[in-house]
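Written below as structure tokens is the structure these notes are about.
Encoded structure:
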């Protein structure tokens, strides 16, 4: 079945408290999708954001960001007696301000919480306990990275010294409460989406951040120095996005150690996300085949080496251990053939981004990538320009060639961004995913992320309200029906 999806970060939803959450607006968005015949909602990672507020640098692969907990949902549970007055609507998420605003209300809800058996069972999970202690230690040390804590706190995962956590018992239980409420609200949203016939496509970063509970509590799983600092870091060499490559700074996995443990680390990560989402996209899938290993002393990603990874062994283990697992391979960029062989061995859908595959360099525009069924086609992703921004960056001859190309392929009617959307919908791909910004026809101001840069305005774009989206979904719904993706 050929289906349609919309890509929109949970943070980008409108709402009264500075950022999207799992409340009424998320339910309303599911309604819009269902009514338009859209069957998939693709989201960015949901974990607590780390450096630069990137969702691809979370401090946990299993924890959810408390910023997404709906205050109205806590009110309906009887945990709050009132709601704060709404903030002024804006088109940017100020992450620090949103967290500071919501924090006292979350603590107020915790004060009125009466734990029951369901909560106690949830809080006893090892990952919940470790994360709650990790967050409590970070608060104690004013948010410092764990490698800069006193040694006793750095080494707590090995010693489990009760004297260190006893003074923080209340804070640890508060952190457990936040994760419990996140899990409850996400489960309600997921169940509502399923009732409306909408599947959830999640996103899993291949690497974890250095300042994460996974590295702190499992240092042997990574190539680290004695003080916890990485010996090598992850990234990609110079490419389309950056002349000096991208030095992400994530620690590299100790694959020999992971193999000895039967890849339990990966089973835990993927298995938990499988409970949250119907389908899971593996960001930077190519690192299952080969990964770029950069000496930590290098300030850029220019220096490094491609190292082979045990992708077949890991994926075999995942499919044997996790029945019903559905993965998508992010296979963009200049890849060696072995990456595609690995992808196809497991019959994984890859990705096709129209902005990258419509070649406008010659006399006539041409498609440089095959149009096939086992594929997800995108007009763009969170990492590249919106269609409007991309089109405006083209020369006049290139624009002319693009318009002719769209007409020849039956993508006619409306503005160029709408015709690009129609081109995606007309493809053979089993799923066509359109970023909300391209549904709305927004430009550079709505770009989600510029790879190789850190901080604002990356990750901040959001909808002020649903009015423009409601209007834009009507022609999208017609196009979905006409291209037989309903």
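In full-length UniProt numbering, the protein residues as written are 1 to 486. Quick reminder that beta carbons are idealized off the backbone N, C-alpha and C, glycines included.
*DSSP three-state call for residue 293: helix, strand or coil?*
Position 293 of the chain shown, counted from the start, is the residue given in the question as residue 293. If DSSP states are grouped into helix, strand and coil, residue 293 belongs with the strands.
_Taking the straight line between their C-alpha atoms, what separation do you get for residue 23 and residue 45?_
Here residue 23 is taken as the residue at index 23 of the chain shown, counted from 1. Here residue 45 is taken as the residue at index 45 of the chain shown, counted from 1. Going from the Cα of residue 23 to the Cα of residue 45 covers about 18 angstroms.
*Give the range of the alpha helix (DSSP H) segment to which residue 246 is assigned.*
By one-based count along the chain shown, residue 246 stands at place 246. Counting along the chain, residue 246 falls outside any alpha helix (DSSP H), though it belongs to the beta strand (DSSP E) covering 246-251.
*Within the same chain, show all residues whose beta-carbon is closer than 7 angstroms to that of residue 366, passing over the 5 residues directly before and after it, in chain order.*
For the purposes of this step, residue 366 is identified with residue 366 of the chain shown, where counting begins at 1. Cβ within range, chain order: 359.
*Would you check if the distance between the CB atom of residue 87 and the CB atom of residue 101 is smaller than 8 angstroms?*
One-based indexing of the chain shown puts residue 87 at position 87. One-based indexing of the chain shown puts residue 101 at position 101. Yes, Cβ-Cβ distance for residue 87 and residue 101 is below 8 angstroms.
*For the ligand GDP, any of its heavy atoms closer than 7 angstroms to the Cβ of residue 156?*
With respect to the ligand GDP, the structure shown offers nothing to examine, as it has no ligands at all.
*If we call anything under 8 angstroms between Cβ atoms a contact, is residue 228 one with residue 246?*
Taking the first residue of the chain shown as position 1, residue 228 is located at position 228. Taking the first residue of the chain shown as position 1, residue 246 is located at position 246. No, the pair does not count as a contact, with Cβ atoms beyond the cut-off.
*From this set, 384, 77, 105 and 69, which residue's C-alpha is nearest residue 85's C-alpha?*
Start at 1 with the first residue of the chain shown, and residue 85 comes out as number 85. If we check each option's Cα against that of residue 85, 105 comes out closest.
*Using a Cβ-Cβ cut-off of 7 angstroms (strictly less than) and excluding sequence neighbours within five positions of residue 334, which residues of its own chain qualify?*
By one-based count along the chain shown, residue 334 stands at place 334. Only 239 meet the Cβ criterion.
*Beta carbon of residue 230, beta carbon of residue 210: below 8 angstroms?*
To locate residue 230, count along the chain shown from 1; it is residue 230. To locate residue 210, count along the chain shown from 1; it is residue 210. Yes, Cβ-Cβ distance for residue 230 and residue 210 is below 8 angstroms.
*Grab the span of the beta strand (DSSP E) containing residue 232 for me, first residue to last.*
Sequence index remark: in the chain shown, residue 232 carries index 232 (1-based). Where residue 232 is concerned, the enclosing beta strand (DSSP E) stretches over 232-236.
_Which listed residue (266, 145 and 299) has its alpha carbon closest to that of residue 310_ = If you number the chain shown from 1, residue 310 lands on position 310. The option with the nearest alpha carbon to residue 310 is 266.
*Give, in chain order, every unbroken run of the alpha helix (DSSP H) that is at least 4 residues long and sits entirely within the region 392-477.*
396-408, 416-426 and 436-440
*For residue 133, three-class secondary structure by DSSP*: Position 133 of the chain shown, counted from the start, is the residue given in the question as residue 133. Residue 133 falls in the helix class under three-state DSSP.
*Can you tell me where the beta strand (DSSP E) with residue 203 in it begins and where it stops?*
Against the chain shown, residue 203 aligns to sequence position 203. 199-205 is the extent of the beta strand (DSSP E) around residue 203.
*Leaving out the 5 sequence neighbours to the left and right, which residues in its chain are closer than 6 angstroms to residue 483 when beta-carbon positions are compared?*
Position 483 of the chain shown, counting from 1, holds the residue named residue 483. These residues qualify, in order along the chain: 425 and 426.
_Can you tell me whether residue 42 is helix, strand or coil according to DSSP?_
Taking the first residue of the chain shown as 1, we reach residue 42 at position 42. Here residue 42 sits in strand by DSSP.
*asked:* Please tell me whether residue 328 and residue 379 are closer than 8 angstroms, where the distance is taken between their beta carbons.
replied: Against the chain shown, residue 328 aligns to sequence position 328. Against the chain shown, residue 379 aligns to sequence position 379. Cβ distance not < 8 angstroms, so residue 328 and residue 379 don't count as in contact.
_Euclidean distance between Cα positions of residue 444 and residue 18_ = For the purposes of this step, residue 444 is taken as residue 444 along the chain shown, with counting starting at 1. For the purposes of this step, residue 18 is taken as residue 18 along the chain shown, with counting starting at 1. Each residue's alpha carbon lies about 21 angstroms from the other.
*Does the region 423-442 come within contact of the region 379-393, defined as at least 3 CB pairs closer than 8 angstroms?*
yes
_Unbroken beta strand (DSSP E) run spanning residue 280, endpoints_ = In the chain shown, residue 280 corresponds to position 280, counting from 1. Run containing residue 280: 279-283, per the beta strand (DSSP E) assignment.
_Taking the straight line between their C-alpha atoms, what separation do you get for residue 115 and residue 455?_
For this step, residue 115 is matched to residue 115 along the chain shown. For this step, residue 455 is matched to residue 455 along the chain shown. If you take the alpha carbons of residue 115 and residue 455, they lie about 38 angstroms apart.
*asked:* Could you check whether the region 295-315 touches the region 276-284, counting it as contact only if at least three pairs of C-beta atoms, one from each stretch, sit closer than 8 angstroms?
replied: no
*Determine the burial state of residue 142: buried for a count of at least 16 other Cβ atoms within 10 Å of its Cβ, exposed for fewer.*
Translated into the one-based positions of the chain shown, residue 142 becomes position 142. Classification for residue 142: exposed.
*Host alpha helix (DSSP H) of residue 259 (start-end)*: Walking along the chain shown from the start, residue 259 turns up at place 259. Note, residue 259: alpha helix (DSSP H), 255-260.
*Please work out which residues of its chain come closer than 8 angstroms, Cβ to Cβ, to residue 98, disregarding the five sequence neighbours upstream and downstream, and give them in chain order.*
Your numbering for residue 98 matches position 98 in the chain shown. The residues are 17, 18, 19 and 67.
*asked:* Would residue 119 and residue 60 be called neighbours here (beta carbons separated by less than 8 angstroms)?
replied: Translated into the one-based positions of the chain shown, residue 119 becomes position 119. Translated into the one-based positions of the chain shown, residue 60 becomes position 60. For residue 119 and residue 60, no; Cβs fall outside 8 angstroms.
_For a quick check, are the C-beta atoms of residue 41 and residue 215 less than 8 angstroms apart?_
As a first step, residue 41 is located in the chain shown; it is residue number 41 there, counting from the start. As a first step, residue 215 is located in the chain shown; it is residue number 215 there, counting from the start. No, Cβ-Cβ distance for residue 41 and residue 215 is not below 8 angstroms.
_In chain order, each beta strand (DSSP E) run of at least 3 residues that lies wholly inside the region 166-196_ = none
*Cα separation between residue 122 and residue 203?*
Taking the first residue of the chain shown as position 1, residue 122 is located at position 122. Taking the first residue of the chain shown as position 1, residue 203 is located at position 203. Roughly 23 angstroms separates the two Cα atoms.
*The alpha helix (DSSP H) with residue 375 in it runs from where to where?*
Locating residue 375 in the chain shown gives position 375, where the first residue counts as 1. Taken as a continuous stretch (DSSP letters only), residue 375 belongs to no alpha helix (DSSP H), being part of the beta strand (DSSP E) at 375-378.
_I'd like the span of the beta strand (DSSP E) that includes residue 6, first residue to last._
One-based indexing of the chain shown puts residue 6 at position 6. Segment 3-7, the beta strand (DSSP E) holding residue 6.
*Do you know offhand how far residue 49's Cα is from residue 213's?*
Position 49 of the chain shown holds residue 49. Position 213 of the chain shown holds residue 213. Looking at the two C-alpha atoms, the distance is approximately 13 angstroms.
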